[in-house]
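Enquirer:
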Amino acid sequence: MINENFYKIINQEFDAIIEKYKEEENFRTKLKQEEQKKAYAFMIWFLEFYGKIPRVREEIVDGPGDFSCDIIFPKVDYQNETVYYVVQSKWNSESNCNKMISSDEIKKTLNDFDTILRGSKTESKNERFNERIKGLQNHLDKNGKVEFLFITLSKNNPDVEENLSGFEKANPNMFVRVFDIHHIKKDFIDVRYKKLERLDLLKRRTNPINDKITIQLERLGTNNNQIQIKKPFDAYIFLVRPKLVYELFNKYGYSLFIENVRNPIKDSDINKRMQETLLKEPAYFWYYNNGITAISSLIPELSKQAKEIEITGLQIINGAQTVHAVYKAYSEASTTERQKIDEEVLLTFRLYKSAGEDFDRKVTKYTNAQNPMSDRDFWANDPVQIRLQEESYNTQFWYQKRRDEFVEVPEDVTVLDNKLMAGIYISFFYQIPFIAKQAFKDEAIKRYDALFLSKKEDDKFGWYEMIFNKETEYKDLLIAEHIYFYIEKLLPKSGFYDNLQLSILGLFKIVFEKYLSLKFPQINEIDTIDYIYKCFQKEDYTELSEVTKFMQNYIHENYKLEEIQDDDWFLNKEFMRLKVLLPDKLKLKDMEGK
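Under this note's numbering, the sequence shown has 472 at position 465, and the numbering climbs by one with no breaks.
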């Protein structure tokens, strides 16, 4: 979703807020201009969306003498600790949504924040600010934690990174962050289109992978009610109570499931039935439920008498639905109901010690094998997949890294499946269309998918690391996809043209490079991908069309239908010959669009 389109969507929410609060004094008498109303609506939206404050009242202190503090409010976190949030808001018009915020603006804000921390500001005429700042100063006197936020619908300015880190270094227990348009857009997509239930969007994203975590065990009044496995890797099976699961999810949220291919679907029938059992038949829950499986990087020896264990790192690899159902039921339960749940509900907890990336992925894969799954599902939380998806949010083509990931999609957005994109990419950039064709066929007959098989698992047929690595850019994936579907539009509609389409896709880059070298002989090196990208941007397809037709005509004139249909021969063996032959056959005089 390009920034302009996201701006239009969020602007509609601002309009709704203005309508909702139109009878309140600020909107009725003080805010006369539309820009003033939108800036104020942005602050209310922030408090509703991020602060989860349903009715904004005293939190906004924007006005003369606010020392860059537009919003000041306390919030109690999962540990029952109060955190104060001090927010500087910079609403801007749509024309500025692709511009960087001024570094001077952020530096001035940091100076004002620093003035507040030193306690050297004088009282202003802003009574609401004075009242809120007293609460903040009292919080600081008690060594309370403070989060300073700069929110803007412009892009962040990387020039201020040193200033931000310097502020935190000079002020222990104080934190500062910038929520720019990209940060806000990502959170908005997660909540509105993926329907992910984010517990606290303001909370710093704690990663449980490296944390020390205490697990309370349920011994049922006896010793040694656990199963221990020592070889080849340490593992335990024991019982826990729902309160532990609730506290873990309340603290870490979805980061508990980074290695889990099945993030919980909060409104699923299974989830609802589990919640119902927890509340109405808690004693039966253990009999109905498979429990939770997790991996930890460090597990100490567990004695027979121990009632708790401190582990280092935790990732739940199976049982995400169980965790979410327990959290949801526990959250909505009364104090009495919580006591009953904790007294009657037991959960089986399998804890494995990590034995390295390959082992962890295989354990995740095999413990989730009860339902049909594709190999690609087990890479959904790979950092490369996450990065590519985040890059895609700056386009109108969203990258789907797991099946049915987006519950809703904006009208101007197209969702692209990473399986198809991987096949297109390996054909276009690496000229291996045969592998793509085999991968599509393998999925149809429920065999493994080589495009998402690690080379570590299969040295001969594993292609994942070649396709997806730190050098892979979403722009390149998108260009390959555009070329693929453009070729499809030019070819006659017939089943056997799958092979023709893939072969032309595989040959396109090297033939087009030859075309550019002939057209621009005076230029030593031309960025072919950038050139193609600009053709799509300008919607000028003449050269793309002529190069495609050249390859299509050559293949039609030199190959029979049954030869093209032969995957192994045409897309593999003969394709290697065409890679050398076709660029040499190309002559500039043959191109009508020259």
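Beta carbons are placed, not taken as given, at the ideal position from N, Cα and C, and that holds for glycine. Remember, predicted model here, so these are calculated numbers, not experimental data.
1. If you measure between the beta carbons of Y603 and F256, is that distance less than 7 Å?
2. With H, G and I counted as helix, E and B as strand and the rest as coil, what does DSSP make of I16?
3. Going by DSSP, name the residue or residues bridged to W405.
4. If the criterion is Cβ atoms closer than 7 Å, does the pair E66 and F80 meet it?
5. Can you tell me which of the three DSSP states R199 falls into?
6. Please name the residue, chosen from F441, Y522, D119, V198, that lies closest to V416 on a Cα-to-Cα basis.
7. Return helix, strand or coil for L358, following the three-state DSSP convention.
8. For T549, count the other beta carbons within 10 Å of its own beta carbon; 16 or more makes it buried, fewer makes it exposed. Which is it?
9. Please go through the same chain and pick out, in chain order, the residues whose beta-carbon is closer than 8 Å to the beta-carbon of Q403, but skip the five residues on each side of it.
10. Can you tell me which of D547, V554, P499, L143 puts its alpha carbon nearest to the alpha carbon of L525?
11. Please state the DSSP three-state secondary structure of A429.
12. In the structure shown, what three-state DSSP assignment does P179 receive?
13. In or out: G173 buried (at least 16 other Cβ within 10 Å) or exposed?
14. Give every residue of the same chain whose Cβ lies closer than 6 Å to the Cβ of Q223, excluding the five residues on either side of it in the sequence, and list them in chain order.
15. Could you give the C-beta distance for S161 and I108, rounded to a whole number, given that I count them as a contact under 8 Å?
16. Compute the Euclidean distance between the alpha carbons of L559 and E464, then round it to the nearest angstrom.
17. Which stretch, first to last residue, makes up the alpha helix (DSSP H) that contains L497?
18. Roughly how many whole angstroms lie between the Cα atoms of T36 and Y28?
19. Quick check on the burial criterion: 16 or more other C-beta atoms within 10 angstroms. Buried or exposed for I348?
20. Our contact map puts Y253 next to Y337 with C-beta atoms below 8 Å; I'd like the distance itself, whole angstroms only.
21. What residues in its chain sit with their C-beta under 8 Å from that of D77, if we drop five residues either side in the sequence?
22. Taking buried to mean at least 16 other C-beta atoms within 10 Å of its own C-beta, is G126 buried or exposed?
23. Cα separation between I539 and W293?
24. So, with DSSP's three-state summary, where would you put V518?
25. Taking the alpha carbon of K152 as the reference point, which residue from N425, P590, P179, K545 has its own alpha carbon closest?
26. Using only the alpha-carbon positions, how far apart do K592 and F459 sit?
27. Measuring only the C-alpha atoms, how far is T89 from N150?
28. Look at the alpha carbon of D148 and the alpha carbon of W98, and state the distance between them as a whole number of angstroms.
29. Which same chain residues end up closer than 7 Å to I236 when comparing Cβ atoms and leaving out the 5 residues on each side of it in sequence?
30. For L578, which residues of its own chain have a beta-carbon under 7 Å away from its beta-carbon, when the five flanking residues on both sides are left out?
31. Could you tell me the alpha carbon to alpha carbon distance between H429 and L358, rounded to whole angstroms?
32. With 16 as the cutoff for other CB atoms within 10 Å, does N87 come out buried or exposed?
33. Does the Cβ-Cβ distance between I188 and C104 come in under 7 Å?
34. Identify whether S96 lies in helix, strand or coil by the three-state DSSP scheme.
35. Between the Cα of K596 and those of S361, K580, A446, Y522, spot the shortest distance and give me the residue it belongs to.
36. Please work out which residues of its chain come closer than 7 Å, Cβ to Cβ, to E495, disregarding the five sequence neighbours upstream and downstream, and give them in chain order.
Expert: Let me lay it out:
1. Summary: the structure shown does not reach residue 603, with the chain confined to residues 8 through 601, and so no result is reported for it.
2. helix
3. Per the DSSP secondary-structure output, W405 pairs in a beta bridge with V422.
4. yes
5. helix
6. Closest option to V416, Cα to Cα, is V198.
7. strand
8. exposed
9. M8, I9, N12, D419, V420, T421
10. V554
11. The answer is helix: DSSP assigns A429 an H, G or I state.
12. coil
13. exposed
14. L251, E315
15. Taking the Cβ atoms as the reference, S161 lies roughly 4 Å from I108, within the contact range of under 8 Å.
16. Reading off the sequence shown, one finds Gln at residue 559, where the question assumed Leu. Looking at the two C-alpha atoms, the distance is approximately 38 Å.
17. 481-497
18. 12 Å
19. buried
20. 4 Å
21. Excluding positions up to five away in sequence, the list reads M50, I67, V68, D69, V94, Q95, S96.
22. So G126 counts as exposed.
23. 58 Å
24. helix
25. P179
26. 36 Å
27. 11 Å
28. 32 Å
29. A242
30. P440, F441, K444, N506, L509, S510
31. The sequence given here places Ala at residue 429; His does not occur at that position. Their backbone Cα atoms lie some 34 Å apart in a straight line.
32. Residue burial is scored here from C-beta neighbours: N87 has fewer than 16 other C-beta atoms within 10 angstroms and is therefore classed as exposed.
33. yes
34. strand
35. With distances taken between Cα atoms, K596 lies closest to Y522.
36. Same-chain partners within the cutoff: Q508.
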